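Quick note on the numbering used here: the sequence shown kicks off at 9 and runs consecutively. All C-beta atoms, glycine included, are put in the ideal place defined by N, C-alpha and C. Being a predicted model, the structure only gives us computed values, none of them experimental. Beneath this line is the structure, given in structure tokens, with notes to follow.
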Amino acid sequence: MTAILAILEQRDGALRKGAPELLAAARQLADAAGATVDAIVFGAADMAGLDGLGAAGADRVLTATHADFAQYCPDGIVATVAALAGGYRAILTAATATGKDLAPRIAARIGAPCGMDVTGLALQGDVIRVTRPVYAGKAIQTVDLAGTAVIAVRPGAIAATAAGKAGAMSAVEVPAFTRRLTVREVRAPEQATVDVAEARVVVAGGRGLGDPKHFALLEELAAVFGGDAAVGASRAVVDAGWIGHGHQVGQTGKTVAPELYFAIGVSGAIQHLAGMRTAKTIVAINRDKDAPIFKVADYGIVGDLFEVMPALTEAVKKARG
Numbered sequence: 009m010t011a012i013l014a015i016l017e018q019r020d021g022a023l024r025k026g027a028p029e030l031l032a033a034a035r036q037l038a039d040a041a042g043a044t045v046d047a048i049v050f051g052a053a054d055m056a057g058l059d060g061l062g063a064a065g066a067d068r069v070l071t072a073t074h075a076d077f078a079q080y081c082p083d084g085i086v087a088t089v090a091a092l093a094g095g096y097r098a099i100l101t102a103a104t105a106t107g108k109d110l111a112p113r114i115a116a117r118i119g120a121p122c123g124m125d126v127t128g129l130a131l132q133g134d135v136i137r138v139t140r141p142v143y144a145g146k147a148i149q150t151v152d153l154a155g156t157a158v159i160a161v162r163p164g165a166i167a168a169t170a171a172g173k174a175g176a177m178s179a180v181e182v183p184a185f186t187r188r189l190t191v192r193e194v195r196a197p198e199q200a201t202v203d204v205a206e207a208r209v210v211v212a213g214g215r216g217l218g219d220p221k222h223f224a225l226l227e228e229l230a231a232v233f234g235g236d237a238a239v240g241a242s243r244a245v246v247d248a249g250w251i252g253h254g255h256q257v258g259q260t261g262k263t264v265a266p267e268l269y270f271a272i273g274v275s276g277a278i279q280h281l282a283g284m285r286t287a288k289t290i291v292a293i294n295r296d297k298d299a300p301i302f303k304v305a306d307y308g309i310v311g312d313l314f315e316v317m318p319a320l321t322e323a324v325k326k327a328r329g
């Protein structure tokens, strides 16, 4: 077991944004173990952007091509990874909806320990020590994984690094498998925006907005940051029908770890904090000085968001030129 395998997600032939971060996590383990990093990508045809994976940390890029991989096909992916697993010290996925589905399937198939929603990992002798938030983010659990370990790494938890490697390409054989899951329909999001789980900046709103029309204030601030920003929301406003579920951040929504997180009119329920407290910098705006969100915020503004937001947006515009 002299290599680390990173399973990279693609959509419509293009790699997801979190690929460099996952490769950085794999590279971290590989360097500690004196091992190499293989990246594997599954698709129905040739995929774009694979030539840059060497620079992101992959020593070798494996491609697995099959007609069924035009849509998500866990049966085929698990069968392929299981056939390769004997040569790897660890198998990494991103802790996305897809990765969280794949990781336990792979672990069960090969009889390996599994670490989910991992925010830190390191080689400690014969085991891989991982850390992960538990109890809605109120505590950090440390787990030692022996043997070949399957690990789902939280997006944004480990920063991407430039490795400057060649990244040789190689095709792998897809073994015979029985497809038990069929994708009948894929519905596009109701808005053509950045996925909140992949955004560098998230501007999230809660019940303090008072009305769904006031999400326009958040959209205006997000627009200042360009294509790397997304609008998020608390569960309360999603349940109220103010905005789609794709924007929901929290325990029953998406887990995010952006560089910058704005919590606008968000009180900070424990379920919401579980989905965003690992953001690099948190800015909270709330008129309630005792709101729980201020306990995790790096910067807090106690005030009327309808007065603060226009001024904040203008200040950011000027700062960004």
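Quick check on this structure: which residue in the options has the alpha carbon closest to the alpha carbon of residue i?
i      : options                           : result
ASN294 : GLY283, THR286 and PHE270         : PHE270
ILE166 : GLU322, LYS303 and ALA64          : ALA64
LYS288 : LEU37, GLN132, ASP296 and LEU268  : LEU268
ALA224 : MET177, LYS262, PHE302 and ILE272 : ILE272
ALA170 : ILE159, LEU23, ALA33 and GLY216   : ALA33
LEU217 : ILE290, VAL316, THR263 and GLU322 : VAL316
ALA248 : VAL232, GLY51, PHE233 and GLY214  : GLY214
THR139 : THR150, GLY133 and THR101         : THR150
VAL232 : ARG243, TYR143 and ARG328         : ARG328
HIS253 : VAL142, ALA292 and ALA212         : ALA212
ALA87  : VAL182, THR106 and LEU16          : VAL182
GLU17  : ASP39, GLN36, ILE48 and ALA40     : ILE48
GLY128 : ARG162, TYR96 and PRO112          : ARG162
VAL135 : ALA41, GLY107, VAL45 and LEU70    : ALA41
ASP219 : LEU58, LEU313 and GLY107          : LEU313
ALA191 : ASP76, TYR307 and ASP20           : For clarity, residue 191 is Val in the given sequence; the question names Ala instead. It is ASP76 whose Cα lies nearest to the Cα of VAL191.
ASP306 : GLN132, LYS146, LEU70 and ARG285  : ARG285
ALA93  : GLN256, ASP152, THR10 and SER178  : THR10
ARG24  : ASP298, LEU110, THR104 and ALA66  : THR104
VAL180 : ALA38, GLN36 and ARG68            : ARG68
GLY164 : HIS280, VAL324 and LYS262         : LYS262
VAL142 : ASP20, LEU70 and ILE278           : ILE278
VAL194 : ASP20, LYS325 and ALA176          : ASP20
Give me the DSSP bridge partner(s) of residue i.
i      : result
MET177 : VAL69
ASP270 : Before going further, note that residue 270 is Phe rather than Asp in the sequence given. The partner list for PHE270 (beta bridge, DSSP) reads VAL211 and VAL291.
LEU16  : VAL49
CYS3   : Absent from the structure is residue 3, since the part of the chain shown begins at 9 and ends at 329.
LEU153 : ILE136
THR101 : ALA160
ALA96  : Ala is not the amino acid found at residue 96; the sequence shown has Tyr there. According to DSSP, TYR96 bridges with ALA11.
LYS262 : VAL257
LEU131 : ILE136
LEU23  : GLN18
Any heavy atom of the ligand PLP closer than 8 Å to the beta-carbon of residue i?
i      : result
GLN259 : Among the components of this structure there are no ligands whatsoever, and the ligand PLP is therefore not found.
Indicate the three-state DSSP secondary structure (helix, strand or coil) for residue i in the structure shown.
i      : result
ARG187 : coil
VAL232 : helix
ARG330 : This structure gives no information on residue 330, because the portion of the chain shown stretches from 9 to 329.
THR44  : strand
PRO220 : helix
GLN36  : helix
VAL182 : coil
ALA91  : helix
ARG283 : Correcting the residue identity first, residue 283 is Gly in this sequence and not Arg. GLY283 falls in the helix class under three-state DSSP.
GLY240 : strand
GLY123 : strand
ILE148 : strand
VAL142 : strand
VAL204 : coil
THR106 : helix
ALA75  : helix
VAL245 : helix
ALA111 : helix
GLU193 : coil
ILE166 : coil
ILE278 : helix
If you pair each beta-carbon of the stretch 79–96 with each one of the stretch 186–195, do three or more pairs fall below 8 Å? The answer is yes - the stretch 186–195 touches the stretch 79–96, with three or more Cβ pairs under 8 Å.
Starting from the N-terminal side, write out each stretch of the beta strand (DSSP E) that is 3 residues or longer and does not extend beyond the stretch 297–329. Listed in chain order, the beta strand (DSSP E) elements of length 3 or more contained wholly in the stretch 297–329 are 307–310.
Could you check whether the stretch 233–246 touches the stretch 201–210, counting it as contact only if at least three pairs of C-beta atoms, one from each stretch, sit closer than 8 Å? The stretch 233–246 is in contact with the stretch 201–210.
Inter-stretch contact at 8 Å, needing at least 3 Cβ pairs: the stretch 214–231 / the stretch 116–133: Output reads no: the stretch 116–133 does not touch the stretch 214–231.
Would the stretch 149–167 and the stretch 102–119 be scored as touching if the rule is three or more Cβ pairs under 8 Å? Cβ pair count under 8 Å is three or more, so yes.
May I ask you to verify whether the stretch 100–115 touches the stretch 11–31, counting CB pairs closer than 8 Å and requiring at least 3? Touching, per the Cβ criterion.
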